Amino acid sequence: MKKLSLLLLVLFATISLAACDGVNLDGDKDKENNDNTPTVTENDPELTTDLASATFISQGLLSSSTNSTVTYQRDTHVMKLSTAQNMTTEASIESRMEQMMTYLDIIEVFLDGSPEEVLNVEHEESTKEGYSSQISYQIEGVTYNVYYNVVNSDEDNTLEEGEFTLEGILEYSDLSFNVNGGAETSATDGEIELWYETVDPVTDDYVRVEVYKDAFEQYFEIDSYMNGLDSYSEIRMEKDGLDGAVEIYIDENDMDYTYEITKEVDGNSTIFYFEYSVGDVYGSIEMTVTIDSEGNEVRHFIIEEGDYYREYTEGISDDDA
């Protein structure tokens, strides 16, 4: 099975994270219990935000894998990466751009603020029979609902103290995914680890997200199985600067791929800078996004890689520009 390893580093301002040792879901309850073992209830704000973040990342990956157009592009991209040495520079750049845009579409929302701010999670009693709790969050006009039940360690004697299990479903638009998760004790260091797994009930493809945090960053480890491909990735969200940056590291077929993406807003324009290295090849792409007088999105690209240079507006060839 092909192993894909990626490292995504997301930098942005305004992230506010509670300091903790290991994972602390309910610091006040820790004090009341006079120990360092975290406990959890269905109402814990950190639990609901972590659940929302994990399901949003997961559904983005799963939805892209099940969309026929995106799946075709992803499969084509894998083929291109595998034969990059035999391709022209322009075709190689096209495949790199395709991958960068795929992941940018999934995590771009987190460049604008912390998960607490951009997701704006609402928690309430479940409106769906069979589930006790419900969280809702809205992104770009789409409402995501997660209906779930939590079982705490004092209700299930098969769990260690501080552990819990979660089960539920994620629904949005006309899509539905199964959600499982919980907190378990690490066999390595004995700390409590939070994890959430989102599963496509039709294909059995899944994305499992483990959540870690401290005073300075929130950290996700992601294992997934989609379209017959196992992959591993990491996402870090840190408090640093006013503009977001994403660093993606991929180790595939004995080749290293590194992409660094930064975002700036300049008046009515949003500018994305992509710097990348593939093996010993280095390059950069600048994409400026504006809205024309008719409300259409226009993307202007400047691409440089070695002696190669190209500048064009999306949808218009160099000859017609």
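Just so you know, we're using the numbering used here here: the sequence shown kicks off at 20 and counts up by one.
Using N, Cα and C, we set each Cβ at its ideal position, and we do this for glycine too.
All values derive from a computational prediction rather than experimental measurement.
Output yes or no for whether 8 Å exceeds the beta carbon distance between Thr217 and Phe239. no
Tell me the rounded alpha-carbon separation between Glu313 and Gly286. Computed Cα separation, rounded: 18 Å.
So what's Thr121 in DSSP terms, helix, strand or just coil? helix
Between which residues of its own chain and Glu333 is the CB-CB distance below 8 Å, once the five residues before and five after are set aside? Val317, Arg318, His319, Phe320
Going by C-alpha to C-alpha distance, which of Val165, Leu185, Glu294, Thr207 sits closest to Leu194? Val165
Which of the three DSSP states, helix, strand or coil, is assigned to Glu182? coil
Can you tell me the Cα-Cα spacing of Asp40 and Asp233, whole angstroms? Model confidence at Asp40 stands at a pLDDT of 40, short of 50, so the residue's coordinates are unreliable; what they give is reported in the following sentence. Between Asp40 and Asp233, the C-alpha separation is close to 7 Å.
Taking C-beta to C-beta, are Phe75 and Ile158 nearer than 8 Å? Yes. Within cutoff.
Cutting at 6 Å between CB atoms, please list the residues of its own chain near Ala73, excluding the five before and the five after it. Tyr215, Val228
Is it right to say Lys147 is buried, meaning 16 or more other beta carbons lie within 10 angstroms of its own, or is it exposed? exposed
In the DSSP assignment, what are the bridge partners of Ala73? None; Ala73 has no bridge partner.
Take Leu190 and list the residues in its own chain whose beta-carbon comes closer than 6 Å to its own, dropping the five residues that flank it on each side. Residue identity check: residue 190 is Glu in the sequence provided, not Leu. Within its own chain, the residues whose Cβ lies closer than 6 Å to the Cβ of Glu190, once the five positions on either side in sequence are excluded, are Asn164, listed in chain order.
Measure the CB-CB distance between Tyr167 and Leu138 and report whether it falls below 8 Å. no
For a quick check, are the C-beta atoms of Gly302 and Glu324 less than 8 Å apart? yes
Backbone CA spacing between Thr207 and Leu213 [nearest angstrom]: In this structure, the CA atom of Thr207 is about 14 Å from the CA atom of Leu213.
Less than 7 Å between C-beta atoms, sequence neighbours within five positions excluded: which residues of the same chain meet that for Val140? Thr67, Thr68, Ala71, Ile154, Tyr156
Could you tell me the distance, in whole angstroms, from the CA atom of Ile277 to the CA atom of Val297? Here residue 277 is Thr; the residue named in the question, Ile, does not match the sequence. So the alpha carbons of these two residues sit roughly 7 Å apart.
Tell me, which residues are paired with Lys232 by DSSP? Gln237
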